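See below for the structure under consideration.
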Amino acid sequence: MTGAFLALGACSAKAQPGRRSQRGTVTQSINGTEISIRYYRPVLRGRTAFPDVVGWGRTWTPGADSATRLETSGPLEIEGKALPAGKYSIWVIPEEKDAWTVIFNRTADAFHLSHDESQDALRVQANGMTAAQSVETLQMSFPLVDADSAIMQLQWGTFVLPLHIHVR
2 MTGAFLALGA CSAKAQPGRR SQRGTVTQSI NGTEISIRYY RPVLRGRTAF
52 PDVVGWGRTW TPGADSATRL ETSGPLEIEG KALPAGKYSI WVIPEEKDAW
102 TVIFNRTADA FHLSHDESQD ALRVQANGMT AAQSVETLQM SFPLVDADSA
152 IMQLQWGTFV LPLHIHVR
């Protein structure tokens with residue numbers, strides 16, 4: 002019976018197509034605080050990220066399938082505003098001409114279309130910029146890390162959104 006059950010499991014796993022948006026994680030330690038981001042990485046496949054894939058003014062999680070999740074072992078200051086230690090989903094409201102809104106929501110595990118504003122822990126404004134090189138697959142990174150601060154960055158296509166983080 003066990004052999005038949007294992008064979009059935011192997012068949013059903015093979016029958017499922019591969020995930021188009023692969024899971025990514027990035028972790029950074031800053032001044033003793035661990036920051037970890039877990040997300041599914043959508044691919045442009047010839048499209049333009051903004052406004053074609055994600056429309057201006059639309060609340061969006063920077064990822065696919067599930068909301069992007071940030072976990073921090075200690076309190077952070079993001080763009081000068083306090084975020085307590087904990088787990089959060091990240092949401093973004095892209096704007097064509099104004100600063101973008103970045104939201105850290107207390108519902109850490111959420112479907113990518115299920116933002117509940119009543120659970121927002123922090124909202125900050127950040128200005129995006131254009132990169133010289135395009136990134137086909139959405140990327141979260143920490144391109145600059147110092148003793149007690151860092152830049153957490155989202156890049157997709159030629160759009161880059163840096164967030165300034167400070168750890169006390």
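Per the numbering used here, residue 2 is the first one in the sequence shown, and the count goes up by one each step.
By construction, the Cβ of each residue, glycine as well, lies at the ideal position given by its N, Cα and C atoms.
None of these values were measured; they are calculated from a predicted model.
Problem set entry | Within 7 Å, strictly: CB atoms of V146 and K82 | Translated into the one-based positions of the sequence shown, residue 146 becomes position 145. Translated into the one-based positions of the sequence shown, residue 82 becomes position 81. The answer is no: Cβ separation not under 7 Å.
Exercise. What first and last residue would you give for the beta strand (DSSP E) that runs through Q120?
Worked result: For the purposes of this step, residue 120 is taken as the residue at position 119 of the sequence shown. Q120 -> no beta strand (DSSP E), and no H or E assigned at all.
Exercise. DSSP on A68, reduced to helix/strand/coil?
Worked result: For the purposes of this step, residue 68 is taken as the residue at position 67 of the sequence shown. A68 falls in the coil class under three-state DSSP.
For this session: Go ahead and pull the three-state DSSP assignment for P144.
Result: Translated into positions along the sequence shown, residue 144 becomes position 143. Note: P144 maps to strand in three-state DSSP.
Problem set entry | Reduced DSSP category for A100 - H, G, I as helix; E, B as strand; rest coil | Indexing the sequence shown from 1 puts residue 100 at position 99. It is coil, neither helix nor strand.
Exercise. How would you call F112, buried or exposed, if buried means at least 16 neighbouring beta carbons within 10 angstroms?
Worked result: Here residue 112 refers to the residue found at position 111 when the sequence shown is read from its first residue. It is exposed - the Cβ of F112 has fewer than 16 other Cβ atoms within 10 Å.
Exercise. From S150 to I166, what does the alpha carbon distance come to, in whole angstroms?
Worked result: Counting from 1 along the sequence shown, the entry for residue 150 is found at position 149. Counting from 1 along the sequence shown, the entry for residue 166 is found at position 165. Distance between the alpha carbons of S150 and I166 is about 5 Å.
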